[in-house]
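Numbering (our numbering), first residue to last: 1142 to 1515.
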């Protein structure tokens, strides 16, 4: 049967777009379903502020009267203007192992990008670096990590079959908390804590976090300008992100450093709730929330979701405080591993830091790029 494409325009279309991955990944043990309550807000232009600064196109592929794939095209005008680019993006691609369907989906977004005057296309990539990026190309044997791709092994081949090449790789590293750090680390750690110009803050209650959420996100804007795909958050986006993640934060795994009343470093981590998300099938009700909370309580790994040191305070050992205090919190909570957030492989400082700790690579993701010819 021939592939037909339908643009997502109605509420019914959006629902099909959101829930199609659940059908494609049926029986896939390493797939991590999203929280569908969040997905409905994310793909709603009235509720997701990112739509205000981006052009977009959402497509579902049909074959034999059944949906067989989806894709979203995005043009982030703000990012393109900041970096003098003419890039389109493709993201949220899901497809059965069907080269014909993949070709139809990807070609549609390419042609849309060309009509918009774009000269290149990158992906998978969402609205910004805060969204899931890339396709998993190594580490399929490890459990899924929140906010990272969980695709089938065949999907990268379908993308490269359309003429795409590597643009950038991102990685996740794992540190077993039982690993004994060299004694010099403890001496350096104590030296950092003795610095009177900094205030090292740890938390025991979630309500203690609230005053720091917006300052932390403001620091992200100041520190992440050289991150691949970065787009600064405005006040509306900061409030939206704070509201989204605040209920999930575990105060034990949030670390903040303040200097002269300003946040200059932070690390936000959380227990990996993948077993609960899988059991809940991405649904909070009627029992999904219970499954997720139970998984958070019994998780074996901590995921570092987001962290940074302000450029003005780098090379002063603050990263040592963030890393060791997170490892200690994980150890005290009975965890086995600390897994990093997704980091650009070309971030030499972070790669060196991981190796200093004795961490090892568990997952690699690839963002692809293709020139759009007329």
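Backbone N, C-alpha and C fix where the C-beta goes; we use that ideal spot for every residue, glycine too.
These figures come from a predicted structure and were not determined experimentally.
When DSSP states are grouped into helix, strand and coil, residue 1307 belongs to the strand group. For residue 1255, the three-state secondary structure derived from DSSP is helix. Uninterrupted alpha helix (DSSP H) stretches at least 4 residues long and entirely within the segment 1305-1345 occur at 1324-1334, given in chain order. Between residue 1400 and residue 1316 the beta-carbon gap is near 27 Å, outside 8 Å, which marks them as no contact.
The three-state reading of DSSP puts residue 1177 in helix, counting H, G and I together. Cβ neighbours of residue 1181 within its own chain (closer than 7 Å, five residues either side excluded): 1159. Rounded to the nearest whole angstrom, the CA to CA distance from residue 1216 to residue 1228 is 7 Å.
For the set 1499, 1155, 1161 and 1308, the Cα lying nearest the Cα of residue 1183 is the one of 1155.
In the DSSP secondary-structure assignment, residue 1410 is bridged to 1445.
Annotation: the continuous alpha helix (DSSP H) that includes residue 1297 extends over 1296-1301. Contact between the segment 1486-1495 and the segment 1269-1289 is absent: fewer than three C-beta pairs spanning the two stretches fall below 8 Å. Rounded to the nearest whole angstrom, the CA to CA distance from residue 1299 to residue 1211 is 13 Å. By the C-beta density criterion, residue 1295 is exposed, having fewer than 16 other C-beta atoms within 10 angstroms. Remark: C-beta atoms of residue 1443 and residue 1264 do not approach each other more closely than 8 Å. Straight-line measurement puts the Cα of residue 1314 at about 5 Å from the Cα of residue 1501. If you look at residue 1228, you'll find it in the beta strand (DSSP E) that goes 1228-1236.
Listed as beta-bridge partners of residue 1196 by DSSP are 1216.
Below 8 Å, enough C-beta pairs join the segment 1462-1481 and the segment 1392-1399 to call them touching: three or more. A distance below 8 Å separates the beta carbons of residue 1278 and residue 1505. Annotation for residue 1462: the continuous alpha helix (DSSP H) segment containing it runs 1459-1473. Here residue 1416 is buried. Its C-beta has 16 or more other C-beta atoms within 10 Å. The residue among 1324, 1198, 1460 and 1175 with its C-alpha nearest the C-alpha of residue 1495 is 1460. In terms of Cα proximity to residue 1151, the closest of 1185, 1292, 1165 and 1170 is 1185. Bridge partners of residue 1211 according to DSSP: 1201 and 1235. Under the DSSP assignment, residue 1395 falls in the beta strand (DSSP E) whose first and last residues are 1395-1400.
Annotation for residue 1247: 1303 place their beta carbon closer than 6 Å to its own, counting only its chain and skipping 5 residues before and after.
For the pair residue 1364 and residue 1373, the Cα-to-Cα distance works out to about 10 Å. Just so you know, the alpha carbons of residue 1383 and residue 1305 end up roughly 35 Å apart. When only Cα atoms are considered, residue 1190 and residue 1335 end up about 42 Å apart.
The C-alpha of residue 1355 is placed about 27 Å away from the C-alpha of residue 1330. Beta-bridge pairing by DSSP links residue 1480 to 1315 and 1444.
Residue environment analysis places residue 1274 among the buried positions, since at least 16 neighbouring C-beta atoms fall within 10 angstroms of its C-beta.
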